[in-house]
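To keep things clear, I will list the structure first and then write my remarks on it.
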Amino acid sequence: MLLLGLIAGCCLAGLVVDASPALAQQELTIIQGKKKVWPAPSDQQWFWHEPNAQLPPDQVVALFKRSHPACLTPENYNAVLLANTVEVKLDRKKPKKDELRFHTIWYQKNGDGEGKTTYKLKLEPITRLELWYVPDVDEMLPRNRTLHWCVKVYAGSVYVFCFDAESAARDFMDAMASVLAATGRKLTIPSYGLYVTNLTAEQAEDLGQTRVEYILVTSVAIDGPADKAGIRALDIIQQINGIPMRNMSQFEALNNPPGSKFPVVLLRRAEIPGQDPKQYTWEQKTLELVAHTAGGE
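Its first residue numbered 66, the sequence shown is counted upward by one per residue in the numbering used here.
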């Protein structure tokens, strides 16, 4: 069910500063650590990459020509498409028809068949690209290909393109971003490089809370803003820039300008030394986060 995991799916130099007095006075509960309450860290790794969207057309064509990704798409759940070439097809009269064409050989995942097809991906709905390392993606692929580096393309649905090498995946992202820019389209670049979710009632209870609030970090982009600030997966964010984070809606409503610096107050689970059975406490930390600035610092 790796395809479902890949297709499903949601900053900066870190300085530790003092927490606000009100938060610092909170009594943090020592817990046993209920494994069924807190998820295990994923072995899939998200890597920060802001694509270069200024490649010249001849370089884009060359990169796509030597691009041979495995294509995992919502429309072809039971098959894997292995691309021989990738072609850009633009329609000057009807830009909404602009598309990438993947000339592929397809394989049924159960090994019952194979054939040739051209898969078409429209450019219009593409909003975001992400780079992921997936250790076990090759279990889905034929002929023992080790395509661990995957580009997630968000275009309403999520499309996944997997490569043998990290450099090939990054080149694919740069080429795609350059095509989008050349046709007047722009990608969304995350401000912080992290995904969060609401706490469950069981997790809030395990924290010693009487109400469900705060947000749980589920994934952090390596080398992204949140990673550089020291934020980790499974941290629990209480405040960002003085605003209590009681749920995801408040996180999504944040509007910190690019390059701005602000404190993030969070809880991090830590083992208490010398305890048998193991016991844990929640340590409160305040980190400085810097909102991403497009094109670098």
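Virtual Cβ for every residue (Gly too), placed ideally from N, Cα, C.
DSSP state of L77, grouped into three classes?
In the sequence shown, residue 77 corresponds to position 12, counting from 1. Reliability of the predicted coordinates at L77 is poor, the pLDDT of 26 falling under 50, and the value obtained from them is presented with this limitation in mind. Reduced to three states, the DSSP call for L77 is coil.
R333 (DSSP reduced to helix, strand or coil)
Residue mapping note: residue 333 aligns to position 268 of the sequence shown, counting from 1. R333: strand per DSSP, three-state reduction.
Counting beta carbon pairs with one atom in the region 192-200 and one in the region 102-111, are three or more of them shorter than 8 Å?
yes
CA-to-CA distance, T150 to D123, given in whole angstroms:
On the sequence shown, residue 123 is found 58 positions in, with the first residue counted as 1. On the sequence shown, residue 150 is found 85 positions in, with the first residue counted as 1. Cα to Cα, the separation comes out at about 15 Å.
Between which two residues does the alpha helix (DSSP H) holding A233 run?
As a first step, residue 233 is located in the sequence shown; it is residue number 168 there, counting from the start. Here the alpha helix (DSSP H) through A233 covers 231-247.
Cβ of V216 within 8 Å of Cβ of L194?
Residue 216 sits at position 151 when you count from the first residue of the sequence shown. Residue 194 sits at position 129 when you count from the first residue of the sequence shown. Yes.
Would you check if the region 320-336 and the region 221-231 touch, i.e. whether three or more CB-CB distances between them fall below 8 Å?
no
Just reading off the beta strand (DSSP E) that K154 is part of, what are its end residues?
The count along the sequence shown starts at 1 and reaches residue 154 at position 89. 144-154 is the extent of the beta strand (DSSP E) around K154.
Can you give the beta carbon distance from K343 to E336, rounded, assuming they're within the 8 Å contact cut?
Looking up residue 343 in the sequence shown gives position 278. Looking up residue 336 in the sequence shown gives position 271. Their Cβ separation, rounded to whole angstroms, is 6 Å, which keeps K343 and E336 in contact under 8 Å.
Taking the straight line between their C-alpha atoms, what separation do you get for I254 and R157?
Locating residue 254 in the sequence shown gives position 189, where the first residue counts as 1. Locating residue 157 in the sequence shown gives position 92, where the first residue counts as 1. Going from the Cα of I254 to the Cα of R157 covers about 27 Å.
Looking at the structure shown, is A291 part of a helix, part of a strand, or coil, going by DSSP?
Residue mapping note: residue 291 aligns to position 226 of the sequence shown, counting from 1. A291: helix per DSSP, three-state reduction.
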